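Everything below concerns the one structure shown next.
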Amino acid sequence: MVFKKMLRALGVGGPSVDTVLSSGSAMPGGTVTGEVRMQGGEHDADIDYVALSLVTRVERSDDTQGHVEFDRHVVAGRFPLRAGQTHVVPFRIQIPWETPVTAIGGHRLHGMTLGLRTELAVAKAVDKGDMDPLHVEPLPSQAAVLAAFERMGFRFRSADLEMGRIHGVNQQLPFFQEIEYHPPAQLAGGISQVELTFITDAHGMTVVLEADKRGGLFTQGGDVFGRFQVSHAEAETTDWTSRIGEWLTQAAGRRASFGQGAHGAHGGDGAHGGGHGLHGGGLVAGAAAGIVGGMILGEVLDEIGDAIFGDD
């Protein structure tokens, strides 16, 4: 009898679970709907709860990567599940506004992994199933920035998540996304790459840029930072390509007086001072085509290190 209980606790002869999403894509701050479909096993079981979690892969300070659960919803409490019985739990959950972008125009953003994991507790034994992939498309305001990068001739390099926090920004999640680009030809002599970060909430977003400036015979290389704040409502009123282009041109011409570069610019474990060389790849051509609208920029900060960011 004890052995049978152990087998059931390990899932042998126990209930089966299948989570079906109404749509495989969502946007930051949006809703995800679907059903958790359970089939009773060989014996009656008391289900303690059913929970859904958002899980993604994050890079840590030691350059290792691990899966992090960053949002969790209990969609069903305790209920009996008879042997062979079918039980369906519909759900509707809101995902965080800071959920990272993982796809553009239906095409996966290379380097990003994110999914919804189903957790079933039976007789105090918790079974965490496999992740169901979830594609997170950019908000219209985010898409306007991404489209501007495309129009300006930037080439996508990679995307990843780094553990840490950006000071001066109302960041909720313990990590932030970096989308890395190779610069267009007219900037390649002064800048080796640009990293783009969105910190988003219900009212608007902060766009953080990091330009890796090349050193020269009489100048030192280093990182130059910019920060732009914009509301979602203002997203269609400004020529984003011109505004961000002006900042990048200025960043490429920075003098050596700004120092060697700001290491540890992002607070927390994810401190870094340049790209990590993750897997390369091309952003699908035309993925952001058809996205229109500009953004009104608020205060523009173009400084190094702790003037914009700080260390935890």
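Per the working numbering, the very first residue in the sequence shown carries number 2; after that it's consecutive. We put the beta carbon where it would ideally sit given N, CA and C, even for glycine. Quick caveat: nothing in here was measured; it's all calculated off a predicted structure.
query                                                                                                                                                              : result
For V137, list the residues DSSP reports as bridge partners.                                                                                                       : A27
With distance defined between alpha-carbon atoms, name the residue in P16, E237, T34 nearest to S24.                                                               : T34
Determine which residues share a DSSP beta bridge with L22 and list them.                                                                                          : G35
Which runs of the alpha helix (DSSP H) at least 4 residues long sit entirely within the region 165-253? Give them in chain order.                                  : 186-189, 241-253
Looking at F155: is its Cβ nearer than 8 angstroms to the Cβ of P185?                                                                                              : yes
Just verifying my parser: in three-state terms, what is the DSSP assignment at R158?                                                                               : strand
Could you have a look at V89 and say whether DSSP puts it in helix, strand or coil?                                                                                : strand
So for R152, helix, strand or coil by DSSP?                                                                                                                        : helix
Looking at the strands, I want to know which residues DSSP matches up with Q66.                                                                                    : E60
Just the Cα atoms here: how many angstroms apart are I167 and F177?                                                                                                : 8 angstroms
Alpha carbon to alpha carbon, how far is A46 from A124? Give it in angstroms, no decimals.                                                                         : 8 angstroms
List the whole-angstrom C-beta distance separating F80 from I48, where the pair is believed to meet the contact cut-off of C-beta under 8 angstroms.               : 5 angstroms
Which whole-angstrom value describes the C-beta separation of V127 and E138, a residue pair presumed to lie in contact below a C-beta threshold of 8 angstroms?    : The Cβ separation is near 31 angstroms, so there is no contact.
How do the region 140-156 and the region 69-79 stand: do at least 3 beta-carbon pairs fall below 8 angstroms, yes or no?                                           : no
What does a CB cutoff of less than 6 angstroms around H233 pick up in its chain, not counting 5 residues either side in sequence?                                  : S142, G205
Short of 7 angstroms in beta carbon distance, which residues of its chain neighbour A27, apart from the five on each side in sequence? Order them along the chain. : V33, I96, L135, V137
Would you identify the three-state DSSP class for V146, choosing helix, strand or coil?                                                                            : helix
With a 10 Å radius around its C-beta and 16 neighbouring C-beta atoms as the bar for buried, classify G190 as buried or exposed.                                   : exposed
Does DSSP classify H44 as helix, strand or coil?                                                                                                                   : coil
Who are the Cβ neighbours of L314 in its own chain at under 6 angstroms, not counting the five residues just before and after it?                                  : With the chain covering only 2 through 313, there is no way to say anything about residue 314.
Give the straight-line distance between the Cα atoms of G14 and L210, rounded to the nearest whole angstrom.                                                       : 53 angstroms
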